[in-house]
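K.L.:
From first to last, the protein sequence lines stand for chains A and B.
Position one of the first sequence corresponds to residue 3 (our numbering), numbered consecutively onward.
Position one of the second sequence corresponds to residue 3 (our numbering), numbered consecutively onward.
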Amino acid sequence: NAGVMQNPRHLVRRRGQEARLRCSPMKGHSHVYWYRQLPEEGLKFMVYLQKENIIDESGMPKERFSAEFPKEGPSILRIQQVVRGDSAAYFCASSPPANGGDTQYFGPGTRLTVL
Amino acid sequence: GESVGLHLPTLSVQEGDNSIINCAYSNSASDYFIWYKQESGKGPQFIIDIRSNMDKRQGQRVTVLLNKTVKHLSLQIAATQPGDSAVYFCAENTAGSASKIIFGSGTRLSIRP
Numbered sequence: 003n004a005g006v007m008q009n010p011r012h013l014v015r016r017r018g019q020e021a022r023l024r025c026s027p028m029k030g031h032s033h034v035y036w037y038r039q040l041p042e043e044g045l046k047f048m049v050y051l052q053k054e055n056i057i058d059e060s061g062m063p064k065e066r067f068s069a070e071f072p073k074e075g076p077s078i079l080r081i082q083q084v085v086r087g088d089s090a091a092y093f094c095a096s097s098p099p100a101n102g103g104d105t106q107y108f109g110p111g112t113r114l115t116v117l
Numbered sequence: 003g004e005s006v007g008l009h010l011p012t013l014s015v016q017e018g019d020n021s022i023i024n025c026a027y028s029n030s031a032s033d034y035f036i037w038y039k040q041e042s043g044k045g046p047q048f049i050i051d052i053r054s055n056m057d058k059r060q061g062q063r064v065t066v067l068l069n070k071t072v073k074h075l076s077l078q079i080a081a082t083q084p085g086d087s088a089v090y091f092c093a094e095n096t097a098g099s100a101s102k103i104i105f106g107s108g109t110r111l112s113i114r115p
């Protein structure tokens, strides 16, 4: 049973470009969460999604950031017009519906570097 | 300019000794707590969890203690091994809420040979 998968593992963008991060949850999981981590810090919640629905986006910056979890395919975190402050590790987690989202299992992360 | 994050507190332990990592949580309404281990360059790995109706839970070589009175959580690792070197995060959530996890600031565990 494959774990949470994220790609790319490393992404380099120049200021002003778009970054697109993908997350495939564990098989059978319908809840997806995105977190951001700066060096030497804990993970900070960004957004929680279920299929075709954004449930909680209280941690998402108001501008330039968006997320989706379509009926088919991976969840996507999109960052438009990236700035250097967006450089961080972005982690996706998933949990099964029966679990109510208590235990979240994390992917390996995407490390975004903005030049 | 480049931002500088806070240095993580570090716990240095002799190989074979027991490790105790402490955490204070913030939300009195939290009733579900998790410990994660994060190795360099990897995502957080679930270690053990505990619900607020318990004060102790044991796993393989790990024990979590919960003191709701003072909002304190600890992780004990028995017979610490080199592979235990990592950053350990406590995290809190509300059981069954299917909501965000709130992470603590983390502790770096370093093993001396």
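Beta carbons: idealized from backbone N, C-alpha and C, even for Gly.
None of these values were measured; they are calculated from a predicted model.
Mind checking methionine 56/B: buried by the 16 CB within 10 Å criterion, or exposed?
P.N.:
It counts as exposed.
K.L.:
Run down chain A in chain order and give the residues with a C-beta less than 7 Å from the C-beta of leucine 10/B.
P.N.:
Under the 7 Å cutoff, chain A gives Glu42.
K.L.:
Let me check one thing: in DSSP terms, what residues is valine 69/B bridge-paired to?
P.N.:
It should be pointed out that residue 69/B corresponds to asparagine in this sequence rather than to valine. Its beta-bridge partners are His74/B.
K.L.:
Should phenylalanine 93/A be flagged as near chain B, meaning a C-beta pair shorter than 7 Å?
P.N.:
Yes, phenylalanine 93/A counts as interfacial toward chain B.
K.L.:
Output, in chain order, the set of chain A residues within a Cβ distance shorter than 9 Å of glycine 106/B.
P.N.:
Here the neighbours are Gly44.
K.L.:
Can a CB atom of chain A be found closer than 7 Å to the CB of lysine 102/B?
P.N.:
Lysine 102/B counts as touching chain A.
K.L.:
Between glutamine 106/A and chain B, is the shortest Cβ-Cβ distance under 7 Å, so that the two count as touching?
P.N.:
Judged by the 7 Å Cβ criterion, glutamine 106/A is in contact with chain B.
K.L.:
Quick check on glutamine 83/B: buried or exposed, where buried means 16 or more other Cβ atoms within 10 Å of its Cβ?
P.N.:
By the neighbour-count rule (16 or more Cβ atoms within 10 Å), glutamine 83/B is not buried but exposed.
K.L.:
Is alanine 91/A near phenylalanine 108/A, with beta carbons less than 7 Å apart?
P.N.:
For alanine 91/A and phenylalanine 108/A, no; Cβs fall outside 7 Å.
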